[in-house]
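Residue numbers (the UniProt record's numbering): 1 to 175.
The beta carbon of each residue, even a glycine, is placed where N, CA and C say it ideally should be.
A quick note: this is a predicted structure, and the numbers were derived from the prediction, not measured.
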């Protein structure tokens, strides 16, 4: 990865892990892995942002719909996961509701909490926009060697599992 995109302090997971003594090797390996994940996600976000004009909805909006795919969420939780303020998320939800892709309702357990869920139209647009963006990324797989492609295929499931569990823990901490 080029230095203009990736942190110049990052020397790679294996290099950083191998510089530690026996006592600190595990801690340093964990920190190196965390840095590698963070750097990769950051550059991945640059890649995803290059897809801004690919779908019907903005990346922020499709991100909200993707977050809502599993179950209804509170506006506060959506804001936290998106790194937005609650008023900023409320503005996005207003736009999405006007477009007919989400609907709001009061939480049956706590009337102070407003939940947001996908509508049928929201599920359709989510699927369509995600497919368009997946296709746009797949169009560049010629940049990968066969070995790199195989390594990504092997690594994607454990990374997705870790990310899902991490986000679930963050969600649980906010409830």
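- Apart from sequence neighbours up to five positions away, the residues of its chain that approach residue 128 with a beta-carbon distance below 8 Å are 55 and 56, ordered along the chain.
- If you draw a straight line from the Cα of residue 147 to the Cα of residue 33, it is about 21 Å long.
- Taking the Cα positions, residue 62 is about 15 Å away from residue 84.
- In the DSSP assignment, residue 169 is bridged to no other residue.
- Under the three-state reduction of DSSP output, residue 40 falls in the helix class.
- Runs of the beta strand (DSSP E) lying entirely within the UniProt domain "HTH marR-type" (30-161), each at least 3 residues long, are 102-106 and 114-118 in chain order.
- Straight-line spacing of the CA atoms in residue 96 and residue 69 works out to 14 Å.
- Looking at 37, 136 and 45, the one whose alpha-carbon comes closest to that of residue 158 is 37.
- The beta carbon of residue 122 is closer than 6 Å to those of 65, 101 and 102 in its chain, skipping five residues each way along the sequence.
- Separation of residue 88 and residue 125 (C-alpha to C-alpha, rounded to the nearest whole angstrom) is 22 Å.
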